[in-house]
Ligand SMILES: NC(=O)c1ccc[n+]([C@@H]2O[C@H](COP(=O)([O-])OP(=O)(O)OC[C@H]3O[C@@H](n4cnc5c(N)ncnc54)[C@H](O)[C@@H]3O)[C@@H](O)[C@H]2O)c1
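Residue numbers (this note's numbering): 4 to 368.
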C-alpha cells in the first residue's frame, strides 16, 4: 500500500477564521495555515469544488489514516469528511460534534431517523423522550426501552449515544439534559427540537384552551427552553446549529389542525428570532417543514380524518396524497437528510429559512 494516496475532503465549520483559511486554500494549492501548522507535509488541494487533501501519513493501514485525518480535523476545529473508497464514509461531516434530538423514541418516528442519520455522520447523539402525558407507567417505561434500543443500535454501528429522560415541557429535565450532554461528550453543537404533538388538532369549535395550552407547551415552549439552555454551551465553542421541526402547518393551514397549525407557525417565529439574534455568535437556526411523513403521528391523523369523514383509510390517503406532486407520503429518513444538511458544513451560510420536505405539497391557505 502506498502512503499518501488517500483522498479526504475537509470542509469548514462555522468557525469563521478556519472558513476564511479554507476558502483561500480553495483557490490555490497551498495548505491552509491551520493544517500546515498542525502537521507538516499535509497538503491541501482543490477537488470537486471542495477542499481535498492528501494525507501524507506515516501509517500503513486505512483505519489509522482515517483516524489521523479525523484527529487532525478536530485539532483544527474543522469538520472532516473522509472517503477512502467510493461510497464509504468512514468519518462523517459531523465527526467530533454532539447533537441532541428530542422526541426520539417512536419506532417509526422522525426523531429516531434523525438520531440515526446524525450518528451516521459521526455525531455523538443524545436522544430524549418520555411524554408525561402518556397515561400509564408501562407506556412511559416502553418509551425508555425504545430509547435504550436506539442507543444500542447506534453503538453497534460504532457510534456514540446517550439516552436521557426528557419531557421538553419540564425545565428541570431540559437543564439536566444539557448538563448530561456536556458532561458525557464535552460539548453541544446541534440541537434538534423534534418532539411535537397533535394535541388540539380537531374541528376548531371542539378544541379547548387546555388542549391549546398543552400544544403550546410541547411545540413551542419546549424548543424555547431547550434553545435557551443550549445557546450558552454553543457560544462556548464558537457556534452551533438549532434545527426546529416545523410542518407544512408552519406555512399554511388545512381544516382540523388548529392548535398544531398555530403553534407550528409560532415555531417559525422562534427560529427566525434565534437566527437573527445569535447569528453573530455563529449559531444558525432553521426550520425543517415536513409534509406527509409516514409515522405514527401521521397515521393517527389519517385515521382520525377517515373516521370523521366516514371514508376508509385508503380513501383518505388517496385524497391527501393527490395534492402531493410526488403522489405519496415521505419517509422519516427524508426529513433526517434535510436535518443532516442543516447540521453540517454544507449549510454554513444558511440561517433563518424554512426548508419544506413535502414531496411538493401545497401548504394550504
Ligand atoms: N409525520 C408527519 O407527517 C409530520 C409532518 C409534519 C411535521 N411533523 C413533525 O415532526 C416531528 C416528529 O413527528 P413524528 O411524526 O415522528 O411523530 P411521533 O408521534 O411519531 O413522534 C413524536 C415524538 O415526540 C415525543 N413527545 C411528545 N411530547 C413530548 C414531550 N413533552 N417531551 C418529549 N417528547 C415528547 C413523543 O413521545 C414521540 O416520541 C413533530 O414535531 C411533528 O410535528 C411530522
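Backbone N, C-alpha and C define an ideal beta-carbon position, used for all residues, glycine too.
Test item: CB-CB of residue i and residue j under 8 Å
i           : j           : result
residue 294 : residue 342 : no
residue 265 : residue 368 : no
residue 339 : residue 297 : no
residue 290 : residue 315 : no
residue 345 : residue 334 : no
residue 271 : residue 184 : no
residue 225 : residue 263 : no
residue 299 : residue 111 : yes
residue 141 : residue 181 : no
residue 2   : residue 186 : The structure shown does not extend to residue 2, since the chain is modelled only from 4 to 368, so the question has no answer here.
residue 126 : residue 193 : yes
residue 246 : residue 195 : yes
residue 369 : residue 347 : Here the chain comprises residues numbered 4 to 368, so residue 369 is not present and cannot be evaluated.
Any non-hydrogen atom of ligand 1 within 7 Å of residue i CB
i           : result
residue 198 : yes
residue 181 : no
residue 358 : no
residue 322 : no
residue 301 : yes
residue 344 : no
residue 271 : no
residue 133 : yes
residue 250 : yes
residue 211 : no
residue 205 : no
residue 296 : yes
residue 139 : no
residue 170 : yes
Of the residues the options, the one placed nearest residue i, counting alpha carbons only
i           : options            : result
residue 206 : 304, 356, 223      : 304
residue 244 : 301, 329, 173, 190 : 190
residue 273 : 180, 219, 296      : 219
residue 208 : 260, 283, 176      : 260
residue 153 : 171, 121, 172      : 121
residue 284 : 234, 193, 155      : 234
residue 174 : 147, 227, 251, 117 : 227
residue 363 : 318, 330, 210      : 330
residue 250 : 199, 132, 133, 131 : 199
residue 201 : 366, 164, 118, 214 : 214
residue 230 : 301, 281, 157      : 281
residue 276 : 109, 365, 356, 157 : 356
residue 312 : 216, 217, 258      : 258
residue 325 : 310, 365, 309      : 365
Residue i burial status per 10 Å Cβ neighbour count (16 or more: buried)
i           : result
residue 105 : buried
residue 352 : exposed
residue 279 : exposed
residue 172 : buried
residue 101 : buried
residue 211 : exposed
residue 144 : exposed
Sequence-distant residues of the same chain with beta carbon closer than 6 Å to residue i, five excluded per side
i           : result
residue 287 : 244, 354
residue 114 : 104, 106, 107, 197
residue 248 : 197, 291
residue 166 : 130, 150, 151, 154
residue 176 : 169, 170
Beta-carbon contacts of residue i that lie in its chain and below 7 Å, excluding the five residues immediately before and after
i           : result
residue 178 : 232
residue 320 : 305
residue 223 : 266, 269, 270, 273
Cβ shell of residue i (< 8 Å), same chain only, five flanking positions each side left out
i           : result
residue 116 : 334, 335, 336, 338, 339
residue 158 : 164
residue 309 : 315, 316, 318, 319
Any chain B beta carbon closer than 8 Å to residue i
i           : result
residue 364 : In the displayed structure, chain B is absent; only one protein chain is listed.
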